[in-house]
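Participant: Got a structure here, written out as structure tokens. Questions coming.
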Amino acid sequence: MAARPHRKAGPRCAPPARDRARQRAPGDIAMGEPRDAPIAWPPSCYPAAIQDRYQLLECAPGPRALRELLPRYLRPGIRVLDIGCGIGSGACHIAASGAHRILAELPAGTVRGHIVERSLEDYLEATPPQVDLILWTYSFHDCLDAMRTQTHAPVCAAVAALLPPGGHLLLMDGVFAPGASAAEIERTYIYMEAIVGHCDRGRYFPPESIAGLFTGAGFTMIEQHDVPLVALAHYLGLPHARTALFVFVK
Numbered sequence: 449m450a451a452r453p454h455r456k457a458g459p460r461c462a463p464p465a466r467d468r469a470r471q472r473a474p475g476d477i478a479m480g481e482p483r484d485a486p487i488a489w490p491p492s493c494y495p496a497a498i499q500d501r502y503q504l505l506e507c508a509p510g511p512r513a514l515r516e517l518l519p520r521y522l523r524p525g526i527r528v529l530d531i532g533c534g535i536g537s538g539a540c541h542i543a544a545s546g547a548h549r550i551l552a553e554l555p556a557g558t559v560r561g562h563i564v565e566r567s568l569e570d571y572l573e574a575t576p577p578q579v580d581l582i583l584w585t586y587s588f589h590d591c592l593d594a595m596r597t598q599t600h601a602p603v604c605a606a607v608a609a610l611l612p613p614g615g616h617l618l619l620m621d622g623v624f625a626p627g628a629s630a631a632e633i634e635r636t637y638i639y640m641e642a643i644v645g646h647c648d649r650g651r652y653f654p655p656e657s658i659a660g661l662f663t664g665a666g667f668t669m670i671e672q673h674d675v676p677l678v679a680l681a682h683y684l685g686l687p688h689a690r691t692a693l694f695v696f697v698k
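Residues in the sequence shown are numbered from 449 upward in steps of one, following my numbering.
Structure representation (structure tokens):
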């Protein structure tokens, strides 16, 4: 069946999307006025090859929340650095907005096999001196892992240097909420490996540590959202497996 063409959100559909994003976590930090009439891009507009391989994009809470959040920070002509672009969780929105999308993907051998040690400068070697928005989805820990560094502050400072004052960083990754047992953590990694095809064992940070790293680098956190890592998480016995979404402004 052919995918239905996308349609721009008008006054009837854009406000509910914004409201849902704001209501996701009652303790979220309020942000400024969102973009007018963001594009409502359905998951059916992902390329067929991506949909077939990563069916989680349609129903996973994290990508769904990202599709609601990201359009508010896009406008024609801005430069967006899509770090660890991978399966393209935000690619449709970036392309539809008229923004210039700059890809920065992690080499699979480096990330998974620890073949060589890389610096952030090597990782972002093709990146222009400055961008307007950085989208970092499901690869924050991979980047740190690939660089084999235990000192994360310089990495966050280097990311901050890519943005002008007022530039935004939108980061999304898997986390464990406080109270996760060792058994639940192990079940989560086993379940995720079956879904995505590789093992993420040991790579989820506590959400507060992510926030602390970037506020320590001079960012101000203006939004934080918390959604289940997978659909039906409670029924799967994974209530503490979460996806955290952060928006920081420099």
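By construction, the Cβ of each residue, glycine as well, lies at the ideal position given by its N, Cα and C atoms.
(1) For residue 635, report the span of its alpha helix (DSSP H) as first-last.
(2) Please classify residue 693: is it buried, with 16 or more other beta-carbons within 10 angstroms of its beta-carbon, or exposed?
(3) Could you tell me which residues DSSP pairs with residue 663 in its beta bridges?
(4) Which residues in the same chain as residue 584 place their Cβ atom closer than 6 angstroms to its Cβ, once the five residues preceding and following it in sequence are excluded?
(5) Classify residue 524 as buried or exposed, calling it buried when 16 or more other Cβ atoms lie within 10 Å of its own Cβ.
(6) In angstroms, rounded to a whole number, what distance separates the CA positions of residue 691 and residue 674?
(7) State the DSSP-derived secondary structure class of residue 695, mapped to helix, strand or coil.
(8) Spatial neighbours of residue 696 within its chain, please: C-beta separation below 6 angstroms, excluding the five flanking residues on both sides.
(9) When you compare each of 628, 600, 578 and 671 to residue 615 by their alpha carbons, which one comes out closest?
(10) Taking contact to mean at least 3 C-beta pairs separated by less than 8 angstroms, is the segment 599 to 609 in contact with the segment 675 to 682?
(11) So, is the C-beta of residue 581 closer than 8 angstroms to a C-beta in chain B?
(12) Taking Cβ to Cβ, would you say residue 632 is nearer than 8 angstroms to residue 688?
(13) Between which two residues does the alpha helix (DSSP H) carrying residue 529 extend?
Facilitator: A quick look at the data gives this:
(1) 630 to 644
(2) buried
(3) Bridge partners of residue 663: none, in fact.
(4) 531 and 619
(5) exposed
(6) 6 angstroms
(7) strand
(8) For residue 696, where only same-chain residues beyond five positions count, the Cβ hits under 6 angstroms are 617, 662, 667 and 669.
(9) The residue from 628, 600, 578 and 671 with its alpha-carbon nearest to that of residue 615 is 578.
(10) no
(11) Here there is only one protein chain, and chain B is not present.
(12) yes
(13) Careful: residue 529 lies outside any alpha helix (DSSP H), inside the beta strand (DSSP E) at 527 to 531.
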